[in-house]
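Undergrad: In terms of the working numbering, the sequence shown opens at residue 7 and continues consecutively.
Every residue gets a Cβ at the ideal spot worked out from N, C-alpha and C, and that includes glycine.
Pasting a structure below so you can have a look.
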Amino acid sequence: MARYIAWLVSAGLVLGAALAFAPQDRMCTRASASSTPGTARDLAAELQALVESQIDTVGDDPIHNAVLLVEGPGFKWKGAAGLADGKSEAMTPDHKFKIASIAKTFTATVILQLMEKGRLELDGTLEEYLDASQVDLDSLHIHAGISYGRGITIEQLLGHTSGITDYMEDPRFIPDVLEQPDIQYSPEKILQKYFAYRTNEKAAFPPGGGWQYADPNYVLLAMIIEKVTGSTLQAQYKTRIFDRLGMKNSYLEFYEDPRGSNPFSHAFFQRVDINRCVNTSFDWGGGGIVSTCEELNTFFRALLRGELFEEASTLALMLAAADRGYGGEEYDYGLGIMKRIICGLTFYGHGGAYDCDAFYCPEKDISVCMSLNQMITHGKRDKFVEQAVEMVLGSGRSY
């Protein structure tokens, strides 16, 4: 274990990961499609070739497996390529995978459902929902020597406008995780790292004063969910989303028993196998869900058609926040959801650190879900998604 830690640290790696060297792959592919004849059949072949082209096992950042699902009016296709475990198991379109930060949209959905039921208010503050036994609010957010923790609102947590910064970016995070690969994190243990690294003293701005993507926002939101419901986060996901949508292979990893019979593919950080070496329970409400492309597609289509909320205004609120001008280079950020322009069309969804995406375009009824199961792909994820959408739009079908 120590030599892997030394290798990672000396390489200057600064994102969460872990640890087994994966040997050279031999490629194996699987695909399935349901569509009308003609151009759709040609499109299926093009999409499968696109998936296969993602596999590249040479170098320090190998992509061992890839999976893609696309759906539009009258057409649905899913395919896979490579090896699910980086060794010998063929990847299929139905393999489960760690969805990482795509889980933030699930957490945000539960929060907004609770808002509809009057269990919480978006302008409610941390002081109203959490107490000192759970988190030191006076020390949580320090900016320019002033404490702002008590006044942070739920809406600011949802939209990453709280000013809280991310403990995962601290250079000590990787060694800490790798030295204790079997540790089971609780919300309190997650926040212990946040305070131990003095991340609380590095707030980017006062609450509401800007935009800074940070996982602790969603740790706090998950704590609020558990506090106001009196049950676990995993129970809320299951009752409010998974069971409701028939998502039989989706679950909160390390916090409940695995669900469903689909096999589980491996995620990698460069040459190291995360599944084999790290308990990623530290992701929790910010990225701890395991799912499949099929089930993520089901979720985002249901969400963006308003099927998970009682009022249309709730979905409108979630999406409208993405028009504030906050977000990353490739997207705008709403309340737990990203808005991204792909091929001139507006898609909503979320991405995850293992280079996975799930997006849906309500205007054209087109969805795309994919995973490369590799944290370092040098922009390959965005190109993969864009090429898939381009192929669908250029297939001769009426979109």
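For the candidate residues 50, 81 and 224, whose alpha-carbon lies nearest to that of residue 372?
TA: The sequence position of residue 372 within the sequence shown is 366, counting from 1. Of the listed residues, the one whose Cα sits closest to residue 372 is 81.
Undergrad: Where does the unbroken alpha helix (DSSP H) through residue 267 begin, and where does it stop?
TA: Locating residue 267 in the sequence shown gives position 261, counting from the first residue. Element bounds for residue 267: n/a, residue is neither H nor E.
Undergrad: Which runs of the alpha helix (DSSP H) fall wholly inside the stretch 258–308 and span at least 4 residues, in chain order?
TA: If we require 4 residues or more, the alpha helix (DSSP H) runs fully inside the stretch 258–308 come out as 280–283 and 290–293.
Undergrad: Within a Cβ cutoff of 8 Å, which residues of the same chain sit near residue 61, ignoring the five residues on either side of it in sequence?
TA: For the purposes of this step, residue 61 is identified with residue 55 of the sequence shown, where counting begins at 1. Answer for residue 61: 31, 33, 69, 70, 71, 72, 87 and 88, listed in chain order.
Undergrad: Using three-state DSSP, classify residue 315 as helix, strand or coil.
TA: Against the sequence shown, residue 315 aligns to sequence position 309. Reduced to three states, the DSSP call for residue 315 is coil.
Undergrad: Just to confirm, are residue 273 and residue 112 a CB contact at a threshold of 8 Å?
TA: Translated into the one-based positions of the sequence shown, residue 273 becomes position 267. Translated into the one-based positions of the sequence shown, residue 112 becomes position 106. For residue 273 and residue 112, no; Cβs fall outside 8 Å.
Undergrad: Ordered along the chain, which non-local residues of its own chain (more than five positions away) have a Cβ less than 8 Å from that of residue 234?
TA: On the sequence shown, position 228 is the one that residue 234 refers to. Within the same chain, residue 234 has close Cβ partners 120, 125, 126 and 135.
Undergrad: Have a look at 396, 355, 149 and 242 and flag the residue whose alpha-carbon is nearest the alpha-carbon of residue 105.
TA: For the purposes of this step, residue 105 is taken as residue 99 along the sequence shown, with counting starting at 1. The residue with the shortest Cα to Cα distance from residue 105 is 355.
Undergrad: Among residues of its own chain, excluding the 5 on either side of residue 394, which ones have a beta-carbon nearer than 8 Å to its beta-carbon?
TA: Here residue 394 refers to the residue found at position 388 when the sequence shown is read from its first residue. Excluding residues within five positions, the ones whose Cβ falls inside 8 Å are 53, 56, 74, 76, 374 and 376.
Undergrad: Please state if the CB of residue 257 and the CB of residue 265 are separated by a distance shorter than 8 Å.
TA: Translated into positions along the sequence shown, residue 265 becomes position 259. Translated into positions along the sequence shown, residue 257 becomes position 251. The answer is yes: Cβ separation under 8 Å.
Undergrad: Please confirm whether residue 108 and residue 312 have their CB atoms less than 8 Å apart.
TA: Your numbering for residue 108 matches position 102 in the sequence shown. Your numbering for residue 312 matches position 306 in the sequence shown. No.
Undergrad: Assign residue 6 to one of three DSSP states: helix, strand, or coil.
TA: Shown here, the chain extends from 7 to 405; a query on residue 6 therefore has no answer.
Undergrad: Give me whichever residues DSSP pairs with residue 373 in a beta bridge.
TA: Against the sequence shown, residue 373 aligns to sequence position 367. Paired residue(s): 77 and 366.
Undergrad: Rank 361, 360, 350 and 366 by C-alpha distance to the C-alpha of residue 344 and give the top, closest one.
TA: Counting from 1 along the sequence shown, the entry for residue 344 is found at position 338. That would be 366, whose Cα lies nearest to the Cα of residue 344.
Undergrad: Mind checking which residues open and close the alpha helix (DSSP H) that includes residue 345?
TA: The sequence position of residue 345 within the sequence shown is 339, counting from 1. Per DSSP, residue 345 belongs to no alpha helix (DSSP H); it is in the beta strand (DSSP E), 344–348.
Undergrad: Return the first residue and the last residue of the alpha helix (DSSP H) that residue 383 is part of.
TA: If you number the sequence shown from 1, residue 383 lands on position 377. Segment: none, residue 383 is in no alpha helix (DSSP H) and carries neither H nor E.
Undergrad: Could you tell me if residue 276 is buried or exposed, where buried requires 16 or more neighbouring beta carbons within 10 angstroms of its beta carbon?
TA: Position 270 of the sequence shown, counted from the start, is the residue given in the question as residue 276. The residue is buried, with at least 16 neighbouring Cβ atoms inside 10 Å.
Undergrad: Cβ of residue 139 within 8 Å of Cβ of residue 145?
TA: Translated into positions along the sequence shown, residue 139 becomes position 133. Translated into positions along the sequence shown, residue 145 becomes position 139. No, they are not a contact pair.
Undergrad: Measuring CA to CA, which of 308, 293 and 301 is closest to residue 221?
TA: Locating residue 221 in the sequence shown gives position 215, where the first residue counts as 1. Comparing Cα positions, the closest option is 293.
Undergrad: Residue 400 by DSSP, collapsed to three states: which one?
TA: Here residue 400 corresponds to residue number 394 of the sequence shown, with the count starting at 1. The answer is coil: DSSP assigns residue 400 none of H, G, I, E or B.
Undergrad: How should residue 183 be labelled, buried or exposed, when 16 other C-beta atoms within 10 angstroms of its C-beta is the threshold for buried?
TA: As a working note, residue 183 is residue 177 in the sequence shown. Buried, by the Cβ-count rule.
Undergrad: For residue 236, write down the residues that DSSP places opposite it in a beta bridge.
TA: Position 230 of the sequence shown, counting from 1, holds the residue named residue 236. According to DSSP, residue 236 bridges with nothing at all.
Undergrad: Please classify residue 271 as buried or exposed, where buried requires at least 16 other C-beta atoms within 10 Å of its C-beta.
TA: Looking up residue 271 in the sequence shown gives position 265. When all chains shown are included, residue 271 counts as buried.
Undergrad: Just to confirm the assignment, what range does the beta strand (DSSP E) spanning residue 200 have?
TA: As a working mapping, residue 200 is identified with position 194 in the sequence shown. Per DSSP, residue 200 belongs to no beta strand (DSSP E); it is in the alpha helix (DSSP H), 193–202.
Undergrad: Could you pull the DSSP bridge partners for residue 160 from this structure?
TA: The sequence position of residue 160 within the sequence shown is 154, counting from 1. In DSSP, residue 160 forms no bridge with anything.
Undergrad: Would you grab the beta carbon distance between residue 169 and residue 209 for me? Rounded to a whole angstrom, and I think it's under 8 Å.
TA: On the sequence shown, residue 169 is found 163 positions in, with the first residue counted as 1. On the sequence shown, residue 209 is found 203 positions in, with the first residue counted as 1. Confirmed, about 5 Å.
Undergrad: Name, in chain order, the residues that DSSP records as bridge partners for residue 256.
TA: As a working note, residue 256 is residue 250 in the sequence shown. Answer is none; residue 256 lacks a bridge partner.
Undergrad: For residue 347, is the classification buried or exposed, using 16 other Cβ atoms within 10 angstroms of its Cβ as the cut-off for buried?
TA: The residue labelled residue 347 in the question sits at position 341 within the sequence shown. Exposed, since its Cβ has fewer than 16 Cβ neighbours within 10 Å.
Undergrad: For residue 53, which three-state DSSP category applies?
TA: In the sequence shown, counting from the first residue as 1, residue 53 sits at position 47. The answer is helix: DSSP assigns residue 53 an H, G or I state.
Undergrad: With a threshold of 16 other CB atoms inside 10 Å of the CB of residue 328, please say whether the residue is buried or exposed.
TA: Counting from one through the sequence shown, the residue named residue 328 turns up at place 322. By the neighbour-count rule (16 or more Cβ atoms within 10 Å), residue 328 is buried.
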